[in-house]
Every structure is written in C-alpha cells, then in structure tokens.
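So the structure is just underneath, and the comments pick up after that.
Number of protein chains: 2
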Amino acid sequence: MASAPITSSSQVLTLPDPLPLDGGQQLENVQIAYETYGDLNETRSNAIFIAHALTGDQHVASPHPKTGKEGWWLRMVGPGKPIDTDKFFVICANVVGSCMGSTGPASPGPDGEPYGMAFPVITIRDMVRGHIALLDALGIERLHAVVGGSMGGMQALSLAANFPDRTAAALVIASTARHSAQNIAFHEVGRQAIMADPEWRDGDYSGHGKGPEKGLAVARMAAHITYLSEAGLTDKFGRNLQDRAEKTFGFDADFQVESYLRYQGISFTDRFDANSYLYITRAMDYFDLAEEHGGLLANAFAKSQARFCLISFDTDWLYPTAESRAIVHALNAAGAPVSFVELSAPYGHDSFLLDVPELDRVISGFIEQ
Amino acid sequence: MASAPITSSSQVLTLPDPLPLDGGQQLENVQIAYETYGDLNETRSNAIFIAHALTGDQHVASPHPKTGKEGWWLRMVGPGKPIDTDKFFVICANVVGSCMGSTGPASPGPDGEPYGMAFPVITIRDMVRGHIALLDALGIERLHAVVGGSMGGMQALSLAANFPDRTAAALVIASTARHSAQNIAFHEVGRQAIMADPEWRDGDYSGHGKGPEKGLAVARMAAHITYLSEAGLTDKFGRNLQDRAEKTFGFDADFQVESYLRYQGISFTDRFDANSYLYITRAMDYFDLAEEHGGLLANAFAKSQARFCLISFDTDWLYPTAESRAIVHALNAAGAPVSFVELSAPYGHDSFLLDVPELDRVISGFIEQ
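Quick mapping for you: the protein sequence lines, in order, are chains X and U. In terms of our numbering, the first sequence opens at residue 1 and continues consecutively. In terms of our numbering, the second sequence opens at residue 370 and continues consecutively.
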C-alpha cells in the first residue's frame with residue numbers, strides 16, 4: 001500500500017502519580033509510551049484517542065521499531081485518511097502491561113529488576129486509567145472520539161462508561177462488552193502453552209536467553225486461527241501444499257496453512273514479551289463491563305453523553321455480531337445515541353485491520369459527524 | 370447412566386501379512402487390538418464395524434482399562450440399544466497408529482525399541498486396510514454396516530469407497546470427506562505444542578519419564594475447544610468462577626472454563642501417547658477422499674453398492690453441516706442411495722457422543738433397515 005507522508009511524534013510520559021488498579025494495588029513510576037499525529041487545535045477539542053488491540057502498540061501509523069513494518073492502521077490514519085490527521089490530533093498509547101515502552105512485566109520494578117510475575121494483574125479499566133492520565137498530562141479534557149478495534153474497543157467502551165466526561169464519541173469495532181467462555185478458553189490455552197515452556201522459568205526469564213519462545217509461538221498460533229474466518233482460511237490456503245508437489249508423509253509443514261501459522265508464531269516472538277501476553281490476555285478475560293456496573297450493561301452507560309458507533313463483521317467468530325448487538329441494546333436502554341452496522345468482509349475478526357472500504361466510510365462518517 | 374449388562378471379548382490379532390501403506394512402506398508384524406460384542410450369525414452377515422475417533426479406542430461399550438470409565442459409546446451399543454448387540458455382532462478395533470494395543474509409534478519396531486518417529490506416517494486408508502485385514506481374519510466378507518463419528522466417519526467413508534464389496538451400509542456422523550485449512554491449522558497447533566515440549570525429545574521419550582505431558586495437555590486443550598459449541602460453553606460455564614466468590618487477580622484458574630480445560634488436558638495425558646497424537650492428527654489432515662479418486666468426490670463412490678446415511682449437528686463448527694452436504698451431493702452424483710439429516714443439539718462436534726435421543730432413533734432406523 002502506498003503511504004502518504006505522515007509526521008509522528010514518539011514520546012514517553014512518566015505519570016506524576018501512582019496508578020490505582022482494580023486489583024487494589026497501586027503502580028508507581030508508570031511510564032506511558034505514546035505517539036501523536038497532527039496538531040492539537042487551540043480549543044484542544046480535536047483529539048482522537050486510538051486504543052490498540054492485544055498485541056498492538058502505539059505505532060498506529062509509523063513503522064514498528066523492531067519489525068520495520070508499517071504502522072498497524074496506516075490505512076486508516078493519516079492526512080486525508082478516514083481518521084484525518086490534517087484535521088485531528090491523533091494519540092495512540094501503548095497499554096500498561098504491554099512491552100513497547102509503557103510499564104509492563106518486563107519493566108524494572110522497585111528493586112530495579114524486571115517485575116516478571118510480580119507485576120500486578122491489571123484490567124482493561126486500569127489500561128484506560130493510564131490513558132486518562134496521559135490525557136491529563138496533554139491538557140485534553142474531552143476527546144473528540146475514542147476509537148478501537150477488538151481489545152481497543154473494550155478500552156473505548158470502558159473509557160466512555162467509566163470516564164463519561166472525557167469523550168464526545170466512542171467508536172467500537174469488532175469487540176465485546178465481556179469475554180465469553182470460549183474467548184477465555186482460547187486465552188487459557190495460550191497461557192498454558194507459555195507456562196508449559198521450561199524457558200518461561202515462572203516468568204523470571206530475563207537474562208536467561210530468549211525466554212519461552214516456543215510456548216509463545218504456540219500461543220500465537222492458536223490465537224491467530226481465531227482471528228481468521230474458516231472461509232477466509234479456505235480461500236487463502238485450502239489444502240494447498242507448500243513448495244512441493246506431493247505430501248511428504250512426514251511432519252514438515254506440508255500444507256501452506258501450516259507454514260503460514262508457524263511463521264506467524266515464530267515471528268511474533270521477535271516482537272512481543274511472553275509475560276505481557278499473559279497479563280494482557282488476563283485483562284481481556286477479566287473484562288465484563290456489566291459486572292463492573294452492578295450486573296446490568298445499560299448501567300455502565302447511565303452517565304455517558306457520548307455518541308456511539310458499533311461495527312461488527314459477519315465472519316468474525318471471535319467477537320460475533322451478537323456481542324455488538326448486546327452493547328447496542330444496552331446503549332438503547334440507557335438512551336445513548338448509537339449507530340450500528342454489521343459489515344460483510346471475508347477476513348474474520350482481523351477484518352478491522354484489513355482492506356474493507358466500507359469500514360473506512362463508516363469510520364470517517366462517524367468521526368466527521 | 371445405568372448400563373445394561375454387556376459381554377465383550379477383547380483380543381489382539383497379529384496380521385499374517387505386512388500392511389501396505391499409502392506412504393509406500395509396509396508395516397510388519399502389525400497387531401490389531403479389538404473388541405467384539407454379540408454373536409456372529411451363521412451367514413456371517415450381521416457384523417457391524419464401529420470406527421473410533423482421534424482419541425477413541427476399541428472400548429466402545431466396555432470400561433476403559435486405564436481410566437475405568439465406561440465405554441465411549443455405551444449409550445449406543447449394547448443389548449436393546451440403537452446398535453443392538455442382541456441382533457448384531459459388533460466389532461471395534463483400535464486404529465493402527467494409536468496406543469491402545471494396535472501397532473503404533475509406542476510399539477516395538479524391528480530393533481525391539483519403540484518406533485517413536487521412525488513409525489511411518491499413515492493415512493485414514495491405511496487404518497481401514499488394518500480393519501479389512503481384521504475382517505478377513507474373522508471371515509467376514511461383507512459388513513452389515515460400518516459406523517463412525519468424526520474420524521470414525523472418515524474411516525467409514527474410506528472403507529465404503531475403497532473396499533466397496535465389504536459393506537452393505539455406511540453411517541457417517543459429524544464428519545467430512547476432507548480436512549479443511551482450519552482443521553489442519555488446529556491440529557498443527559497441537560503438534561507444535563507437543564514438539565515444543567523438551568520432554569518430547571524428538572519423539573524418543575520412551576524410558577525418559579512421562580514424556581511431553583505438558584505439550585500434550587496444551588494440544589488437548591486447544592482441540593477440546595473445537596469439540597464444543599460457543600453456546601454450549603456459555604451455557605455450561607459462562608463466566609462463572611471456580612470455587613471462589615471473587616476474581617483473584619492472579620493466574621490461577623479463576624474461571625470454571627479454565628479449570629475444566631486444564632483438567633481435560635492433564636487427564637488426557639494419563640491415557641494417550643503423544644506420538645500417537647502426532648501420527649493420527651497427521652492422518653486426518655492428509656485425508657481428502659476426492660484427491661484419492663482423481664479429484665472428484667463422486668468418483669470415490671463409483672463402485673459402491675452401499676446404502677449411506679449422513680448425520681451432522683447444527684452446532685458442530687469443526688465439521689459443519691456443509692461438509693456432510695458435500696458428501697451427500699457426491700453420493701447423489703454417483704447414484705448411491707443416501708439419507709441425510711442435520712440434527713439440532715447444543716453440544717457442538719461432541720454431540721455424536723452425547724445424549725441426543727434423535728441420534729439414537731436415526732441410527733437404529735438406518736441400522737435395522
């Protein structure tokens with residue numbers, strides 16, 4: 001994809017105050033790594049916060065420093081793009097618990113050594129508290145919009161629900177208000193794969209080589225299947241063999257889909273920390289916005305004055321349309337303005353990251369409103 | 370479940386001839402462990418062969434010797450049951466490649482040591498060749514029916530297609546004529562989980578403790594999710610916590626679904642061999658009945674004179690109804706008599722093993738025909 005020139009600013013903020021956590025602890029000396037694109041206007045009213053997904057990061061429209069790959073939503077963010085950086089001041093921050101510059105389990109703890117499993121278990125709301133602290137530091141009282149797909153959508157919902165004064169709009173794509181039993185189950189497989197790797201060393205692998213690479217690769221492989229649709233996998237790979245005319249009657253990656261998955265697993269370990277994967281999947285599994293608000297999802301939005309837009313994809317079986325519809329019903333019950341669309345796209349859950357022109361139109365239409 | 374008294378006979382047959390394999394090799398001194406129930410009639414015309422699934426075994430209606438659990442299809446097989454052992458002589462054999470008495474990677478090879486990864490890669494058709502050799506030894510020229518669910522259904526299809534004189538009927542439940550890209554992908558995750566475990570030792574773990582238990586448990590956990598429906602998991606577990614009132618903000622199995630999955634993984638390692646898991650999943654991934662017959666599924670059934678019955682379940686996303694329908698269309702094109710029903714059951718792929726009264730009626734109706 002041709003990419004328009006875009007200027008980004010990469011910074012790290014050290015929060016002036018400890019970050020209170022849902023688990024009851026406080027996190028001291030929290031760093032938030034973030035990028036901004038475009039200019040904040042004089043009234044500070046044109047800021048859009050983009051929340052990233054499980055393995056995403058702040059490099060929404062700038063090259064990834066480890067892989068060199070283009071920003072993960074470059075197709076959506078930039079001058080003249082659906083989220084237009086000529087008009088909006090776009091902020092994207094690495095979530096607390098991650099490994100791209102914000103404080104997480106690989107960061108030094110109070111004793112100067114990496115936290116490892118001494119890092120506190122965090123929640124989606126804790127991540128959002130970090131985002132709010134960043135907005136405070138930037139002097140942004142109220143966002144024009146908060147936008148996110150997948151776990152980013154959870155953050156968008158949490159921000160609009162728990163900090164109702166801080167955003168005028170929330171755009172929630174391919175997401176859910178709570179993790180289902182099946183969602184939890186897949187994450188648990190990934191966590192067990194990491195913890196089964198002896199190189200994990202109870203999380204204390206820093207200084208001991210490359211850590212639980214094999215376990216992390218297996219975790220990524222299992223998760224990756226859930227990001228794609230069955231039909232999409234069939235269209236892309238079917239039963240095609242990989243660089244061979246015949247099956248080998250062995251355990252090499254005979255099939256293209258095997259080779260693809262192995263590559264996805266191995267390459268992931270070059271850019272992501274295994275303990276961060278444990279902590280962030282746990283935060284997602286713990287996410288249940290209704291539970292936070294007395295068990296009724298509509299209650300979560302009682303104080304919200306934001307406009308909402310929900311988008312789902314018809315081939316997404318990780319967070320299927322019914323999950324978005326449940327949120328829409330709760331917003332209706334709360335009297336919140338909401339628009340909802342299910343888009344047709346062949347890519348499964350990953351559709352929100354891929355070439356779906358209708359998604360671009362819905363996003364720009366909602367953002368510019 | 371109350372179980373009617375049933376008499377089974379457990380035996381092991383050593384094949385008189387080497388077993389030719391699709392990979393081009395021959396397997397010598399093959400043993401087939403099997404059970405029979407009921408009596409063979411004088412015309413040897415009342416035999417029903419039941420083919421088991423990936424992790425199944427010959428103990429279809431007798432207690433499992435390792436776990437002590439009742440036979441895996443006790444609800445279906447026995448006196449007065451849908452597959453009535455008062456009328457039929459029921460045979461169930463452990464597939465070649467497995468680990469319950471038939472020759473597999475844990476069996477001694479020519480040098481007296483366990484084969485390990487020196488065991489040849491086998492196919493579904495190779496398993497069926499073993500079944501045919503057993504029928505030869507038992508003097509059964511033509512089965513009344515071959516019956517199987519999941520991988521058992523693949524064997525039923527393969528037997529009817531490749532040995533068209535050997536059965537008068539084939540009952541194929543929750544199965545497919547070929548493994549899809551998604552099917553292969555999930556199996557590859559399981560294989561990589563096993564191979565990532567250093568205790569796997571390139572398959573040479575015999576005599577070195579308990580083998581790659583952790584990797585095998587992860588493989589089983591990932592597979593188990595695919596056997597259940599999303600709605601079934603939600604109904605059974607939802608987000609219920611396990612023996613606790615509050616989330617622990619840790620990595621214990623807070624959720625019931627986590628605890629359940631961990632148990633499924635760990636208990637599996639007590640009864641199954643990791644290398645067998647590699648070989649049998651490989652056989653399933655290689656299965657493509659059309660490819661074996663010039664690329665056209667209808668060709669596979671050109672010489673068949675059997676009656677067919679296909680059964681799918683509406684919540685089975687591993688081998689969804691469309692897979693059964695494709696087989697029905699091929700049978701129609703081949704002019705074979707076929708009946709087909711999609712049953713409604715909440716249990717996903719595992720429905721074929723569970724309490725679905727309509728399944729009992731369809732099976733007995735087809736068998737008694």
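In this text, a Cβ means the ideal position worked out from N, Cα and C, and glycines have one as well.
Asked	Found
Test: A371 (chain U) CB closer than 9 Å to a CB of chain X	Model confidence at A371 (chain U) stands at a pLDDT of 42, short of 50, so the residue's coordinates are unreliable; what they give is reported in the following sentence. No, no contact with chain X.
Given T281 (chain X) as reference, the closest of X:V338, X:S267, X:G152 and X:S259 once Cα atoms are compared	X:G152
At least 3 beta-carbon pairs within less than 8 Å: the stretch 433-444 of chain U vs the stretch 473-489 of chain U	no
Inter-residue spacing [alpha-carbon to alpha-carbon] between D111 (chain X) and D202 (chain X)	18 Å
Whole beta strand (DSSP E) elements within the stretch 33-103 of chain X, 3-residue minimum	47-51 and 89-93
Coarse secondary structure for L597 (chain U), derived from DSSP in three states	coil
Cβ neighbours of Q155 (chain X) in the same chain (closer than 8 Å, five flanking residues each side left out)	A51, V95, I124, M127, V128, H131, V146 and G148
Whole-Å CB distance - F656 (chain U) paired with T595 (chain U), under 8 Å assumed	Wrong, their Cβ atoms sit about 16 Å apart, outside the cutoff.
Alpha-carbon spacing of G559 (chain U) relative to I635 (chain U), whole angstroms	14 Å
Segment contact flag, the stretch 333-353 of chain X with the stretch 196-211 of chain X, C-beta cutoff 8 Å, min 3 pairs	no
Contact with chain X by H698 (chain U), beta-carbon distance below 9 Å	no
Option in X:T103, X:G23 and X:V362 with minimal Cα separation from E615 (chain U)	X:G23
Cβ-based burial, D426 (chain U) [other Cβ within 10 Å; buried from 16]	buried
Start and end residues, alpha helix (DSSP H) containing F606 (chain U)	Where F606 (chain U) is concerned, there is no enclosing alpha helix (DSSP H), given that its DSSP letter is neither H nor E.
Start-end ranges of the alpha helix (DSSP H) lying completely within the stretch 636-713 of chain U, minimum 4 residues	643-655, 666-669 and 690-702
Partner residues on chain X for G485 (chain U), Cβ-Cβ distance less than 8 Å	The premise fails here: G485 (chain U) is roughly 12 Å from chain X at the closest Cβ pair, so nothing lies under 8 Å.
Contact check, L216 (chain X) vs T269 (chain X), beta carbons under 9 Å	yes
Neighbouring residues, chain X, relative to Y655 (chain U) (Cβ below 7 Å)	K247
Chain-ordered residues of the stretch 423-447 of chain U with a beta carbon less than 7 Å from chain X	none
Minimum Cβ-Cβ distance from G238 (chain X) to chain U less than 9 Å	yes
Given L296 (chain X) as reference, the closest of X:R178, X:A133 and X:A118 once Cα atoms are compared	X:R178
Burial state of T454 (chain U) (16 or more Cβ within 10 Å)	buried
Per DSSP, the bridge partner or partners of I173 (chain X)	X:G149 and X:I311
Backbone secondary structure at P479 (chain U) - three-state DSSP	coil
Residues, ordered as in the chain, of the stretch 375-394 of chain U that lie near chain B by beta-carbon distance below 9 Å	The structure shown contains no chain B; the protein chains it does contain are X and U.
Straight-line gap, A253 (chain X) to Q551 (chain U) (C-alpha atoms, nearest Å)	14 Å
Where the stretch 535-563 of chain U meets chain X: residues whose CB sits under 8 Å from a CB there	R547, H548, S549, A550, Q551, I553, A554, F555, E557, V558, R560, Q561 and A562
E660 (chain U) at chain X interface by Cβ criterion, 9 Å	yes
Chain U within 9 Å of G215 (chain X), Cβ atoms only	yes
Extent of the continuous alpha helix (DSSP H) to which S364 (chain X) belongs	P357 to E368
Closest residue to W73 (chain X) among X:L359, X:G365, X:G335 and X:E368 (Cα-Cα distance)	X:L359
Listed by chain order, chain X residues near L503 (chain U) by CB distance under 9 Å	What L503 (chain U) touches in chain X: nothing, since even the nearest Cβ is about 24 Å away.
Chain U contacts made by the stretch 218-236 of chain X, where a contact means CB separation under 7 Å	V218, M221, A222, I225, E230, L233 and T234
Nearest-angstrom Cα separation, counted from T315 (chain X) out to L526 (chain U)	30 Å
Beta strand (DSSP E) segment containing V12 (chain X), residue limits	S8 to T14
CB contact check: E727 (chain U) to chain X, cutoff 9 Å	no
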